Amino acid sequence: MSLQRTPKALLELAPGQRHLSLRERSLLLLAEGTPLAQLQAMYHGQGAALVQRLLQDGYLQQPSAARTTPASESLSTTAPTSLAGVRMHLFDLCERMFANRLHDTAHHLRQMLREARDLDSMLHARDQLLRAVHLHAGAERAEALRQQLADMLPERSLDTPN
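For the sequence shown, my numbering begins at 1041 and goes up steadily by one.
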């Protein structure tokens, strides 16, 4: 099951609106089309509390019974996460992992993410981020992130980066 953004969430995501944290905003971007269990597992398990807070504050809602039909259900399970949502998530990973210690690496990755406008460039930016994570945080952390990101990007992105 996936959640839906409310009009309040759409206002929050509009340019110039910044009432939520970066993590909360990234969850809002990823909410539609991403399974609830995956959202709750994000941020080392803190995603569950963030999702609950966004539900309570009226930014997210359960799909209404009238809108949930078998046809719409099958569409939501096959619809990929938007590139903007993936980019926001990758920006968040970059900031959390590199911004405070590895300024040059963070700057390079941010620039790649800003320029990523299509699937191929987004996959390339993702691969570069995973290489940097592997180099600075270890293979185990990089593999965990690769698995998490594989759910957000298309099947062909499951290949392990060289």
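Note that CB positions come from ideal geometry on N, CA and C, so glycine has one too.
Values in this document were obtained by computation on a predicted structure and should not be read as measured data.
**Asked** To the nearest whole angstrom, what separates the beta carbons of Ala-1077 and Leu-1043, a pair I think is in contact under 8 angstroms?
**Response** About 11 angstroms separates the Cβ atoms of Ala-1077 and Leu-1043, ruling out a contact at the 8 angstroms cut-off.
**Residues near Ala-1165 by beta carbon distance below 6 angstroms, same chain, minus five either side** = Only residues of its own chain outside the window of five on either side were considered, and among them Met-1152, Leu-1153, Ala-1156 have a CB closer than 6 angstroms to the CB of Ala-1165, listed in chain order.
**Item:** For Gln-1101, three-class secondary structure by DSSP
**Value:** Strand at Gln-1101.
**Asked** Hey, would you say Gln-1080 sits closer than 7 angstroms to Gly-1073, going by beta carbons?
**Response** No, Cβ-Cβ distance for Gln-1080 and Gly-1073 is not below 7 angstroms.
**Asked** What span of residues does the alpha helix (DSSP H) with Pro-1047 cover, start to end?
**Response** Pro-1047 -> alpha helix (DSSP H) spans 1047-1053.
**Item:** Helix, strand or coil at Gln-1096 according to DSSP, with G and I counted as helix
**Value:** DSSP, reduced to helix, strand and coil, places Gln-1096 within a helical segment of the structure shown.
**Item:** Backbone secondary structure at Gln-1044 - three-state DSSP
**Value:** Here Gln-1044 sits in strand by DSSP.
**Prompt:** In three-state DSSP terms, what is Gln-1086?
**Reply:** DSSP places Gln-1086 in the coil class of the three-state scheme, outside both helix and strand.
**Among Gly-1056, Ala-1146, Arg-1127, Lys-1048, nearest to Ser-1066 - alpha-carbon criterion** = Checking every option, the nearest Cα to that of Ser-1066 belongs to Arg-1127.
**Request:** Assuming Tyr-1099 and Ala-1179 form a contact by the criterion Cβ under 8 angstroms, report the distance between their Cβ atoms to the nearest whole angstrom.
**Result:** Contact flag wrong, Cβ pair sits at about 36 angstroms.
**Message:** Is it the case that the region 1134-1149 contacts the region 1158-1176, given that we only count it when at least three CB pairs across the two stretches are under 8 angstroms?
**Reply:** Note that the region 1158-1176 touches the region 1134-1149; at least 3 beta-carbon pairs, one per stretch, sit closer than 8 angstroms.
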